[in-house]
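Each step along the sequence shown adds one to the number in this note's numbering, with nothing skipped, and position 19 is 56. Let me begin by presenting the structure, written as structure tokens, before commenting on it.
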Amino acid sequence: MIGDAAHTCAPQLASGATIAIEDSIVLANLIQSGQPLEEMLERFMTRRYERCRMVVHNSWQFGEWEKTPGTPRADPTALITASMRALAAPIRAISKVIVQLACN
Ligand SMILES: Cc1cc2nc3c(=O)[nH]c(=O)nc-3n(C[C@H](O)[C@H](O)[C@H](O)COP(=O)(O)OP(=O)(O)OC[C@H]3O[C@@H](n4cnc5c(N)ncnc54)[C@H](O)[C@@H]3O)c2cc1C
Numbered sequence: 038m039i040g041d042a043a044h045t046c047a048p049q050l051a052s053g054a055t056i057a058i059e060d061s062i063v064l065a066n067l068i069q070s071g072q073p074l075e076e077m078l079e080r081f082m083t084r085r086y087e088r089c090r091m092v093v094h095n096s097w098q099f100g101e102w103e104k105t106p107g108t109p110r111a112d113p114t115a116l117i118t119a120s121m122r123a124l125a126a127p128i129r130a131i132s133k134v135i136v137q138l139a140c141n
């Protein structure tokens, strides 16, 4: 599964379609590599999991802060900036900083 079927998220980061398209590119790339199916799907998960998890989590976090204005230490601007920076990085890369920021 790819796209929303695999990682539906709140719309706050406006990136659900972005990561769905990325999924399809990575999957097509792996299919072309001719690896055995099981290995290929494992690689797909490895390449996609953290980046998609970041979008789902940070979209949710942003939505929570929207619902509860004045949440201590909430910093939507920093969260969005860090999320966009992470998404601008090559598909394999994911900043650990952004995950920590979202979890604080
Ligand atoms: C309010 C809102 C704003 C958003 N804004 C943005 C944005 O600015 N930028 C961004 O990147 N993302 C945005 N998103 C997220 C984005 O719309 C989704 O992440 C993206 O559409 C997911 O694409 P998908 O192909 O995985 O799923 P979908 O777009 O849901 O496509 C699935 C398709 O499968 C069809 N289907 C379902 N069941 C069957 C069946 N049994 N047989 C045949 N066909 C079937 C459906 O009709 C649909 O056409 C937003 C989402 C919302 C709700």
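Idealized CB from N, CA, C, for every residue including glycine. Just so you know, these numbers come straight off a predicted model, no measurement behind them.
### G40: CB within 7 Å of a non-hydrogen atom of ligand 1
yes
### Close Cβ partners of I131 (< 7 Å) along its chain, the five nearest in sequence each way excluded
Summary for I131: the model assigns pLDDT 46, below 50, so the residue's position carries little reliability; its value from the coordinates is reported in the next sentence. So the list reads E87, R88, M91, A123, once near-sequence residues are dropped.
### Query
Hey, would you say I39 sits closer than 8 Å to A57, going by beta carbons?
Yes, the pair counts as a contact, with Cβ atoms nearer than the cut-off.
### Query
In terms of alpha-carbon separation, which member of C46, S52, T45 lies closest to M121?
S52
### Message
Using 8 Å as the cut-off, can you tell me whether the stretch 39-50 makes contact with the stretch 97-117, which would need three or more C-beta pairs spanning the two stretches below that distance?
### Response
Under the Cβ criterion (8 Å, minimum of three pairs), the stretch 39-50 counts as touching the stretch 97-117.
### Task
Measuring alpha carbon to alpha carbon, tell me which of L116, P109, S61, H94 ends up nearest T45.
Checked all of L116, P109, S61, H94; the closest Cα to T45 is H94.
### Query
Would the C-beta of A119 count as close to ligand 1, meaning under 7 Å from any of its heavy atoms?
no
### Query
Can you list, in chain order, the residues of its chain whose CB lies under 8 Å from that of P113, leaving out five sequence neighbours each side?
Cβ within range, chain order: F99, W102, E103.
### Query
Just to confirm, does S96 get its C-beta within under 7 Å of one of the non-hydrogen atoms of ligand 1?
no
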